[in-house]
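Worksheet for the structure shown next.
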Amino acid sequence: MNRRASVVSGFFLILLGILFLIREIAPQYFQFWDWPFIIIGLGLLFIIWAILSGTGGLAVPGSILAGLGGIFYYQNMTGDWESWTYIWALIPGFVGIGIIISSLIDRNFKQSISAGLILLLISAIMLFSFGAAFGLDPEFTKYWPALLIALGLISLFRALVAGSKRKV
Numbered sequence: 084m085n086r087r088a089s090v091v092s093g094f095f096l097i098l099l100g101i102l103f104l105i106r107e108i109a110p111q112y113f114q115f116w117d118w119p120f121i122i123i124g125l126g127l128l129f130i131i132w133a134i135l136s137g138t139g140g141l142a143v144p145g146s147i148l149a150g151l152g153g154i155f156y157y158q159n160m161t162g163d164w165e166s167w168t169y170i171w172a173l174i175p176g177f178v179g180i181g182i183i184i185s186s187l188i189d190r191n192f193k194q195s196i197s198a199g200l201i202l203l204l205i206s207a208i209m210l211f212s213f214g215a216a217f218g219l220d221p222e223f224t225k226y227w228p229a230l231l232i233a234l235g236l237i238s239l240f241r242a243l244v245a246g247s248k249r250k251v
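My numbering numbers the first residue of the sequence shown as 84 and each following residue consecutively.
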């Protein structure tokens, strides 16, 4: 492990220790915390570690963990555990977000942005599809044409960018 990664690791361990110490000493400040916050926190820890250490690859598992924590928080607070039948479709979108964050950190944005956006689009399509079939609120599913608009905009943008590169 290089020096910078060791410094970042040490910093986060200290921060995590302080957080847990405060939780033990003054639990009244942590009453709203529930087990999904631990998963969200671990995901955010990965993302922050990726940013500070310059290791963009850590953003992908970080975004997956944070996203799953968010899903579990929603389900835990609402008791809507049946939503898992369609909400799992967000996981490819979390990967897409992680790829986009990773590409920003590693400075290879042009190569990875399309992969991240495609995963986000696939995730949205699957969420609307499975949601319509398995009980997502009809108010939400009526916006599925927005996916067609987004797909058309992406296709148009890619065609225009490819066309401008050929002219040069």
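Where a beta carbon is used, it is the ideal one built from N, C-alpha and C, also for glycine.
I'd like the list of long-range same chain contacts for residue 179, defined as Cβ closer than 6 Å, with 5 residues on each side in sequence excluded. 199, 202 and 203
If you drop the 5 nearest sequence neighbours on each side, which residues of the same chain put their C-beta closer than 7 Å to that of residue 148? 122, 125, 126 and 129
Taking the Cβ atom as the reference point for each residue, do residue 157 and residue 217 lie within a distance shorter than 8 Å? no
Are the Cβ atoms of residue 175 and residue 205 separated by less than 8 Å? Yes, the Cβ-Cβ distance between residue 175 and residue 205 is below 8 Å.
Using C-beta distances below 8 Å, list every residue in its chain close to residue 155, excluding the 5 sequence neighbours before and after it, in chain order. 118, 119 and 122
Going along the chain, which residues of its own chain have a beta-carbon closer than 7 Å to the beta-carbon of residue 151, five neighbours each way excluded? 122
Return the CA-CA distance between residue 142 and residue 232, expressed in angstroms with no decimal places. Across the structure, residue 142 and residue 232 are spaced so that their CA atoms are roughly 29 Å apart.
When you compare only the Cα positions, how much space is there between residue 25 and residue 187? The chain is shown from 84 up to 251; residue 25 falls before or after that span and cannot be answered.
Residue 189, enclosing alpha helix (DSSP H) - first and last residue: 174-189
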